[in-house]
Structure formats: C-alpha cells, structure tokens
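Chemist: Sharing a structure, written as structure tokens. Questions coming.
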Amino acid sequence: MSPLPVSPPHDPHDPSRTAPAGRESEYRRLHHALDRCAAGAGSVIVLHGSVGSGRSDLLYAFTDTAAERGVQVLVGTGSPLEREFPLGLARQLLQGADLAPEEAATAEALLAEGAASGTVPAPSDRPAGRLTQRVLEGLFRLVRGLAERAPVLIAVDDRQDADPQSLEFLLYLVRRTRGTGVLTVLSSRETMTPAHPLFEVELARQPHHQHIRLDLLGTELVAEVLRTRLGAAAAERHAAEAHALTGGNPLLVHSLVADQERAGSPGTLVVGEGYRRGLMHCLHRIDPLALHYARGVAVLGTGATPDLLAELLLLAPDALPRALYLLHAAGLFRDGGFRHPTAAGDLLAAMRPLELAALHQRAGRLLRAAGATAATVDGHARVAEGHLRSSLGPAPAAEAGDPGAALPEFGGGAGAWEVPGPGSVTAEEAAAEDEDEVTEEVAEEGAGATGGFGPVPDHALQLWSGRAPAGPAVECVPTLPGTVTDADTALRHELKRLRHHFWHGRIDEGTAALARFEAVPGQAVHTEPLRHWLAYWYPALLPNPARRTGPHDGATADRGDGMRLLAALLAGAVSPEDAVVHAELVLRAGRLGGVRTESLTAALTVLLYADRADRATHWCAPLAERAGARCGAHWNALLAALRAEAALRQGDLRSADEAGRAAFAHVRPEAWGVAVGLPLATMAAARTALGLHQDAAHFLELATPAGLEHTPAGLHHRYALAGHRLALGRAEQALADYRACGDTMARWGVDHLPAIAPWRLGAARAQLALGRPGSAAALADQQLARLGPVGHPRIRGLALRIRAAAGGPAERTELLERAVGLLEEAGAESELSAALGELSEAHQHDGDPGRARRADRRVRRTPALAVVPVRPPAQAPSPVSLLPTSPLPTSALPTSLLSVPPLPVAGRPLPVAAPVPEGTAGGLSEAEGRVAELAARGLSNRDIARKLYITVSTVEQHLTRVYRKLGARRRVDLARLLGPVPPGTADGTPPRPAFPRRADLVAG
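Structural data, given as structure tokens:
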C-alpha cells in the first residue's frame, strides 16, 4: 500500500498539517485528547473502521507527532498468530518504554508471572484471562511511573487480535488513568462478531471513553487525494470513476492512484496490479464469513438469490446479510457484487483448485435443481472438471445429468449448517412470514459502541429481504437497489421502520410515523400486528387491541398467535390458566416448524407472566435448539434472556447466569434497544441472590436507552434495582422502588398479573427489614386476596411464606405447609428449599422433632442446593450484615430472623466448619465443594457423576482430596463438617432456632 500523503509540518500546534488525507477531523480529535493528557486528564479512544479504512496510517501518524512533542509513546499490535501468547501485547508496549534498569527487571518479572498465570482458564463471564492483582497492579504502577515523568500515549493497533490477558491489563489500566497523563488509543477492525464483547462493554462505560469511526471517503475527499498526487486535471477527470471503483476505501484509493502514477498520463483511469492487490488484501483481511460470501458471489454472479447463496455456502440464510453488510461497508461491493469485472476471477484464482472445483460442482447441482439453463449448468461442470484435473488428474465419472456428482462436497462435515429439506420451513420463508421481526440500526445508536459495526453506507440504506443479520447485534442491513420489487415486501419494510423507532425508545417519532402511515387510506389494517406488539412493549401508549372485547371472551384474539395471546393476557381478556393452555399449544406447534419466532417468544412470556416459570423452562431447550439453526442472533438472544428469567424464577442461578451471558454474547448491550432491561435485570437479580453485589451494581449501572421506563423491560429493571437495594440494607429506598413498580403496573392495567413483578411481596420483605411485620402481613394478605382461588402457585407460595414470618407462631406451621405444597407444584426449588427449612424450624418449635427431621431431610434432597456456590466470594458482603437490626423485641419476632444471616438463595452455602489441616490447599475448590455437598446429602458416586456430568473416577478423586483437606474419614463426617448448623444434641439432631428466618425472606 502506498503511504498516505502527508503535508509538511508548518505549525506544530496545527494537527491538520500532519493528518492523513481525509482524516483531518479525526486527527484533530486525537490531538485534543493529547492536549488534555498533557494537562493531566487521561482518556481512552477507540478507532474503529472497516478493513482498508486507514486506521493504522492514522494511528502511526499520530504516534509520530506525539513523539515529536516529547510524549512517551508505547506501541503494540495485535496479531491472530500471537493471540494465544499471554500478555504478548503488553510485552510489546513495555519493550518500547523508557524504563530504568530496575523497572525493566520488575516489568520482566511481572510479565513472566502474568504469562504463567494467564494459562489458567478464566471464568466465562470475565473479559480476559485470570491475572493476579499483584501482576495487574505492578504493571499499572510502572505505567503510572512513566506518566509522572512525561505524558504517556499507549497506541494499540488491531486490538481485536490481542491476547485476552493484555486486554485485561488494558482494562485495569484505563479504569485508573482518568486523572493521570495517560492517553490510550485502541484501533480495531470491524468484524462479524467481537472477540471480547464484555471488554468492549466495560470500555464503553468508562466516563473518559471516546469512539471515533473512520468512514469511507466521499467523492470530494477522493478528488483531494487525486489532486495531491496526480494534479488538478486528473482529479477532475477521474474522481467520480475512482470513487465508483473504490467505494471510498482509502487503501483502494491509494492503490488505484499508484496505478496511475506507474502508467503515466494515459487520459483514462487505469486499473492495474496495485488496485487488484489492494482489493485482494482487503478481501483476505475481512471477516472469514464475508470472504466466504464474496466467493459465493464470484461463482454464482450478482443475480444469485439469497436462498441459492445460502445453500451453496452451506450457511444459515440469516448469516448472509451481515456478511453482505461488511463487504458494502468496506467499499468492496456495490449493488450486491464486485465493483470491477475482474475482481471475481482474481478472488477465485487465489483458492485451492480442489476447493474451487467442489464449489462449482455444488453450484451446478443447485442451479440445475433451480431450473437454470443447460448451458449454465454445463459451464459450472466444465470449470469444476478443469480445476479437479489440475489438482488430482482425470476427474471421476459422473452420473448423466449430474455435473461433477462424484466430486467432494464443499464445506461439508460436522460443522456445516444443515440445509432444510423439502417440506420444512426455511429461514427465508419464516422471515417472509414474520412481519413483526425486529430490526435495529446501530449506526444511529452506537456512538458509544466499541465494536461491531457502524453506519450503513449511503448506497445501501434499506433492509435486504427483510431479514436481520445473524451477527453480534440486531441491526439494519442493506437492501440492494432494485431488489424490493413488490408491494408486499415494501410494506413489510415500512412496518419494520416504524417498529425501529419504538425499539430504540423514540416514542414521539414512532407515534408520529405511525399516525402518518395509518392516515393513508387502506393502510391502518396492516398495523394491527404492530399494535399488538406495542400493547406489550408500551402498555400505556396506545389502546390494547385485546381490550375491545370483554374479559375472558374467547373471540378476543387468535390464540394460535403468541403475540395476540400475550396482548389478551395483559388486557385481562383471557385468564392466566387459559393463557397457559393456549401458549403451550403455540409452543408445541413451534417445535414442528411454521410458527414465527416472535410468536414463540411471546408464548414463553405468557408462561412467565402467568406464573408458570416451570413450564417456560420446559419449553426453552427445544425452542433454543430450533432457533439456533434457523434464526438470527436477535431471536437467539431474546430466547436466551427468557430462559435466564425462567431459571431465575425457579432459583436455578447457575442456569440463569449462563443464559444471561449467552444473551449478551448473541447481541451487544447497546444493540438491544429497550429490551436490554430484561437481561440486565435478570443478571443483576441473580448476582444479588449470590451476594455478588458489585457485579449486580455493574449490570444495573449500564447505560440504557431513553424510553426504557415505559416498557415491561424497564419494570423488570426497576424491580431488580429494588431487590439489590434491599439486599444492601437500603430498605427505605427498596420500598419506594417496589411501590413505584406497583404504581406503574396499576397505570398500565396489568396489576392482575403479579408474576410480572410481584411488587407487594417485595414491599412486604422491605417492611420486614424495617421491623414492621404488621405492614408486611397486610401486603401479603392483599396479594393473596387479589390472586383469587386458583392459579399463581409460585406467587401464592411466596406470599404464604411472608405471611408466616410476619404472623404469630400459632398459624406459622399451617401457612408454611401450604406454602411448601404450592412451591412444589410451581417447581420453584430454591423457594421450596427455604420453605422446608422454615417448616422444619416451626415443627421443632411446636415440639414435634420427628416432623422437623423429615422436613429437614427434604431440604437436603432438594436439587436447588446444587446450584448454590460452595462459598460466597470473600469480597461479597453478607446481605444481612448490612440490614438494620429490628427495633422490635425478640419476644415479638422470631430470634432466627435477627441472628442468622440469610443465604444467597434458599440453599445454604457450605462453610468449612472444621479447620483445614496443615499443608493442604487452604480450602475446597468449587468443584470439590459441589461433590462434597452432594455426597453429604447421601448421593452415591454414580449419582453425583450423573448430576454433575463428570466421570465416577473424577468424583472419587475429588472426594479423596475433600477427605484429606477436611480431616474426614467417611460421608457422615461430611454431613457434620459441611452442615449449615453446628453439632448439637446427643442423637445428632442439631438445635434449631424457634421460627423461620425473616432475614431469609428479606434477602430473597
């Protein structure tokens, strides 16, 4: 690539004098940040752009100027070949530092220690490898020491290819350099899926973070480059044609200019070797899936349909729009094809002959099945045979009429996507039927985004075939000019644009656009599905269509449509019990195909809001399997978020956490729109239940779009915030939040569905924490009265638990027995475990130790205990230790409510009751703790292996280490050492407090 032209420096304080052509504005922003850095205000800047956008030229031009100003410059470059080298990028940065000999020795020791510890696998919810605090703090002190001598510029190119340990160090560094003279500039290339999404989320939330996107050059900027290097006359003649050939890609522009310089002045624009090399450089550095797509277009031509391309490349159809977007965004494609006629041949020439032969063979077979002419099919057969001969010698015989049938299939194997067979509903068909599919344009929303993608190019502004891409975000992908040829497709696109406003919380714009659309005669009938969608996402915005008929009227909606059913449930037009029946019919039909994914997610939401999280959990697995193969990233993300919420409501915190992280792995937080409140709330509630309050606060503090408070996702978010505050002892704030949730539900007319956000129960727990059992009992009674005689087993069981804790001892046992039955019916295992523990204590207080022991044995057999961590992290404060002591005397309240700390959920963490013997590892690991707990509950080694998905031999090894560390000799010793209460009476029955723990209810 030819170097970008640089004007000779004139004024060192004028950064535009040394800026690469067309990048003056971005260069000036970098220099402003450098000026602030020199004044002691650090910042972190992300340079982001497509392949060939000139990121590296801009970055290194900036570092050269910074070095001339006396700034200490530390430079590093990521590489796919070095991604597995722990702290490899950090080593590059420090090798260029002006360190004293003793500092250099310290740096080398820290890097060696970090590289060794970086090989230990890290938890999947952390953004990078597991480095010790000593290594991170030591490296930070070295950089801070440099900044005390002179301003420091840390410049990282190709950050997307950096090793995770170096990214962890960079994240640790930028969190601490806001008030220091350290400027961090990270350059990254646009890809299909960010390699480290949580790193990008953490980076974007830093208050001193800036995002600079390098867009393609416009015609005027291309003309300026030509004017600088070729003269004004050549610029005037060739600017428009050069822009058409390059799309404004700086690498291609300078490659094309180099061709003109070599050719002299022929009067016409010469497309030579420089342009071709630049194009191949871009194509082979772009995301592999985009390269794969480009090869498919090179074989089939620009007229190929998405269906045919998907089948040729053995890809899910929803994966294609994202690849096409990347090719357009880099300026490599125009109108769905290459910009120069020789590009397709150049790209295919770089492929291996056998691979190219297989691709042509498959293309011939698909074209023949699609009814292509014999000449077209035979052409692919001849090409395939020629490539095969050049690689393997004479081609094997093929069946008559089946060109190249004996050739190997391209891209096959276990990892290939299956192509739907005859009679099945393909992804294209589902997309065509799904009028309500959500699409979002992150270009307008992603000013703070650090990865993924940016604005759609001007030449490709609409949706392509109406499908959202299977990428890390939900976005608006290009529609190629001329592809929208029928009124139905145009109508679908217009409805998607309407929904786009609401998805990002732009309520006024969306409402105005909807009014304009419906003002056109005959158009209002087409917005009924959109209004059902809005009835859920914005309950108070427009009249719910399901309210037009009386409650429980069977004619209110098509019960085979999940979204209409959800609208009817919210409107009270169908009872929760009937809604559950119809929702499961929708989900059952969905397993067979032919049901839109939005209908399925709405049916799952019906189950959750009808208080049947157990049934929602039952349906999540088969639906996730179906969606994974046929749906885009946003539907997979929504299903994962619903799966996480269902698991949370059942107390399965491990599954809730895994599903919540999967939701954000599919779609970046900034691309969720207003729906982001749901997974954020679930993750925060799960972390709160586990006592990980700093993690919970992190999820609750993430920026959310405007308008979130008008949606159910915002309601879930506020309810999770209330629970977090209650766990931290801020009971008054939590009570206000719970009441605000109640006011919102009443205003929306959905207070008949307490499972959406059971605010009365939350407020009752807050009243218990404030020492007001009377108010808590009144709230519980009010909730029970509103439930009616049937339904809502989980909510009813929770209300009875609170009522038992707030009431007198005479009624406690009966209330808890009823609560146990209801929670068992609902499948809420963690709540069931807590209720059984309280029932055991109540029986003990009543003088019935036999029934107390039976209840206690049921607690130990409850599967929910297996999902509770072995012990809470040392840094997580105990939720109850922050709660105020009740002002009421112990005679009025159960002593256990004041003296026993609550558990993360209902199950008890496993404290190490016996001292750890000398020379041991210092305690049980998480894996050893899980095995020890199950063994203490009486499970055999084979049962433990089956439950934890490990081998029997692994179980035996864990138990051997557990016995050695705890000084135990047999299983009964484990039950004693790991039990939740100390050893007690001679018959082995531990002494129990008199009544259930109110603190347990406060925390969970």
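So in this note's numbering, spot 368 of the sequence shown is number 356, and the numbers just go up one at a time. Note that CB positions come from ideal geometry on N, CA and C, so glycine has one too.
Within a Cβ cutoff of 6 Å, which residues of the same chain sit near residue 730, ignoring the five residues on either side of it in sequence?
Modeler: If you number the sequence shown from 1, residue 730 lands on position 742. Answer for residue 730: 747, listed in chain order.
Chemist: If you draw a straight line from the C-alpha of residue 345 to the C-alpha of residue 254, how long is it?
Modeler: By 1-based counting over the sequence shown, the position of residue 345 is 357. By 1-based counting over the sequence shown, the position of residue 254 is 266. So the alpha carbons of these two residues sit roughly 39 Å apart.
Chemist: If I measure Cβ to Cβ from residue 973 and keep anything under 6 Å in the same chain, skipping five residues before and after, which residues do I get?
Modeler: For the purposes of this step, residue 973 is identified with residue 985 of the sequence shown, where counting begins at 1. Only weak support exists for where residue 973 lies, its pLDDT of 33 falling under 50; the value from the coordinates is given anyway. Taken in chain order, the list of residues that qualify is empty.
Chemist: Answer yes or no: do residue 124 and residue 157 have a C-beta to C-beta separation smaller than 8 Å?
Modeler: In the sequence shown, counting from the first residue as 1, residue 124 sits at position 136. In the sequence shown, counting from the first residue as 1, residue 157 sits at position 169. Cβ distance < 8 Å, so residue 124 and residue 157 count as in contact.
Chemist: So the beta strand (DSSP E) residue 198 belongs to, where does it begin and stop?
Modeler: If you number the sequence shown from 1, residue 198 lands on position 210. From DSSP, the beta strand (DSSP E) with residue 198 extends over 197 to 202.
Chemist: Once the 5 residues before and after residue 962 are set aside, which same chain residues still bring their CB inside 6 Å of it?
Modeler: As a first step, residue 962 is located in the sequence shown; it is residue number 974 there, counting from the start. Within the same chain, residue 962 has close Cβ partners 920, 923, 924, 956.
Chemist: With a threshold of 16 other CB atoms inside 10 Å of the CB of residue 483, please say whether the residue is buried or exposed.
Modeler: On the sequence shown, residue 483 is found 495 positions in, with the first residue counted as 1. It counts as buried.
Chemist: Confirm, please, whether the CB-CB distance from residue 785 to residue 819 is below 8 Å.
Modeler: One-based indexing of the sequence shown puts residue 819 at position 831. One-based indexing of the sequence shown puts residue 785 at position 797. Yes. Within cutoff.
Chemist: For residue 995 and residue 193, what's the separation of their Cα atoms in angstroms?
Modeler: No answer is possible for residue 995: the residues shown for the chain start at -11 and end at 992.
Chemist: By Cβ distance, which residues of its chain are closer than 6 Å to residue 755, with the 5 residues on each side in sequence left out?
Modeler: Locating residue 755 in the sequence shown gives position 767, where the first residue counts as 1. For residue 755, where only same-chain residues beyond five positions count, the Cβ hits under 6 Å are 763, 764.
Chemist: Taking the alpha carbon of residue 594 as the reference point, which residue from 624, 630, 622 has its own alpha carbon closest?
Modeler: Here residue 594 refers to the residue found at position 606 when the sequence shown is read from its first residue. Answer by Cα proximity: 630.
Chemist: State buried or exposed for residue 1001, treating a residue as buried only when at least 16 other CB atoms are found within 10 Å of its CB.
Modeler: Given a span of -11 to 992 for the chain in the structure shown, any question on residue 1001 remains unanswerable.
Chemist: Here's the rule I'm using: 16 or more other beta-carbon atoms within 10 Å means buried, otherwise exposed. How should residue 147 be labelled?
Modeler: Reading the sequence shown from its first residue, position 159 is the one you call residue 147. With 16 or more other Cβ atoms within 10 Å, it is buried.
Chemist: Which parts of the region 633 to 706 are runs of the alpha helix (DSSP H), unbroken and 4 residues or longer, counting only runs that do not cross its ends?
Modeler: Correct list: 641 to 654, 665 to 677, 681 to 689.
Chemist: How many Å lie between residue 524 and residue 554 at the Cα?
Modeler: Taking the first residue of the sequence shown as 1, we reach residue 524 at position 536. Taking the first residue of the sequence shown as 1, we reach residue 554 at position 566. Those two C-alpha atoms are separated by around 7 Å.
Chemist: If I follow the unbroken beta strand (DSSP E) through residue 828, where does it start and stop?
Modeler: Mapped onto the sequence shown, residue 828 falls at position 840. It is not in any beta strand (DSSP E) - residue 828 instead sits in the alpha helix (DSSP H) that spans 817 to 833.
Chemist: Classify residue 682: buried if its beta carbon has 16 or more other beta carbons within 10 angstroms, exposed otherwise.
Modeler: Counting from 1 along the sequence shown, the entry for residue 682 is found at position 694. Per the 10 Å Cβ criterion, exposed.
Chemist: With which residues is residue 60 paired in a DSSP beta bridge?
Modeler: Start at 1 with the first residue of the sequence shown, and residue 60 comes out as number 72. According to DSSP, which records beta bridges pairwise, residue 60 is partnered with 140.
Chemist: Which residues bound the alpha helix (DSSP H) around residue 226?
Modeler: As a first step, residue 226 is located in the sequence shown; it is residue number 238 there, counting from the start. Looking at the DSSP string, the run of the alpha helix (DSSP H) that includes residue 226 is 220 to 234.
Chemist: In the structure shown, what three-state DSSP assignment does residue 173 receive?
Modeler: For the purposes of this step, residue 173 is taken as residue 185 along the sequence shown, with counting starting at 1. Strand at residue 173.
Chemist: Since residue 69 is in the alpha helix (DSSP H), which residue starts that stretch and which ends it?
Modeler: Here residue 69 refers to the residue found at position 81 of the sequence shown. Where residue 69 is concerned, there is no enclosing alpha helix (DSSP H), given that its DSSP letter is neither H nor E.
Chemist: How many angstroms separate the CA atom of residue 480 from the CA atom of residue 293?
Modeler: One-based indexing of the sequence shown puts residue 480 at position 492. One-based indexing of the sequence shown puts residue 293 at position 305. Cα-Cα distance, rounded: 19 Å.
Chemist: If we count the other Cβ atoms within 10 Å of its Cβ and call it buried at 16 or more, is residue 272 buried or exposed?
Modeler: The residue labelled residue 272 in the question sits at position 284 within the sequence shown. Exposed.
Chemist: Please determine, among 332, 621, 780, the residue with the shortest C-alpha to C-alpha distance to residue 601.
Modeler: Along the sequence shown, read from residue 1 onward, the residue named residue 601 stands at position 613. Checking every option, the nearest Cα to that of residue 601 belongs to 780.
Chemist: Can you check whether the CB of residue 60 is closer than 8 Å to the CB of residue 138?
Modeler: Sequence index remark: in the sequence shown, residue 138 carries index 150 (1-based). Sequence index remark: in the sequence shown, residue 60 carries index 72 (1-based). Their beta carbons are under 8 Å apart, which means residue 138 touches residue 60 by this criterion.
Chemist: Report the option in 332, 288, 342 whose CA atom is closest to the CA atom of residue 360.
Modeler: Here residue 360 corresponds to residue number 372 of the sequence shown, with the count starting at 1. Checking every option, the nearest Cα to that of residue 360 belongs to 288.
Chemist: Under the assumption that residue 128 contacts residue 161 (Cβ atoms under 8 Å), give the Cβ distance between them as a whole number of angstroms.
Modeler: Your numbering for residue 128 matches position 140 in the sequence shown. Your numbering for residue 161 matches position 173 in the sequence shown. Rounded, the Cβ-Cβ distance is 6 Å, consistent with contact.
Chemist: If you follow the alpha helix (DSSP H) that residue 255 is part of, which residue opens it and which one closes it?
Modeler: Position 267 of the sequence shown, counted from the first residue, corresponds to residue 255. Segment: none, residue 255 is in no alpha helix (DSSP H) and carries neither H nor E.
Chemist: Taking contact to mean at least 3 C-beta pairs separated by less than 8 Å, is the region 205 to 223 in contact with the region 710 to 721?
Modeler: Flag = no, the region 205 to 223 and the region 710 to 721 do not touch.
Chemist: Restricting to Cα atoms, I'd like to know which of 79, 102, 104 is closest to residue 92.
Modeler: As a working mapping, residue 92 is identified with position 104 in the sequence shown. If we check each option's Cα against that of residue 92, 79 comes out closest.
Chemist: Determine, using beta carbons only, whether residue 578 and residue 611 come nearer to each other than 8 Å.
Modeler: Here residue 578 is taken as the residue at index 590 of the sequence shown, counted from 1. Here residue 611 is taken as the residue at index 623 of the sequence shown, counted from 1. Yes, the pair counts as a contact, with Cβ atoms nearer than the cut-off.
Chemist: CB-CB under 7 Å to residue 205, same chain, minus the five flanking residues each way: which ones, in chain order?
Modeler: Looking up residue 205 in the sequence shown gives position 217. The answer, listed in chain order, is 10, 236, 238, 241.
Chemist: Could you give the first and the last residue of the continuous beta strand (DSSP E) run that contains residue 32?
Modeler: In the sequence shown, residue 32 corresponds to position 44, counting from 1. First-last of the beta strand (DSSP E) with residue 32: 31 to 37.
Chemist: Relative to the alpha-carbon of residue 12, which residue among 342, 604, 758, 42 has its alpha-carbon at the smallest distance?
Modeler: In the sequence shown, counting from the first residue as 1, residue 12 sits at position 24. Per the Cα distances, 42.
Chemist: Mind checking residue 828: buried by the 16 CB within 10 Å criterion, or exposed?
Modeler: As a first step, residue 828 must be located in the sequence shown, where it is residue number 840. With 16 or more other Cβ atoms within 10 Å, it is buried.
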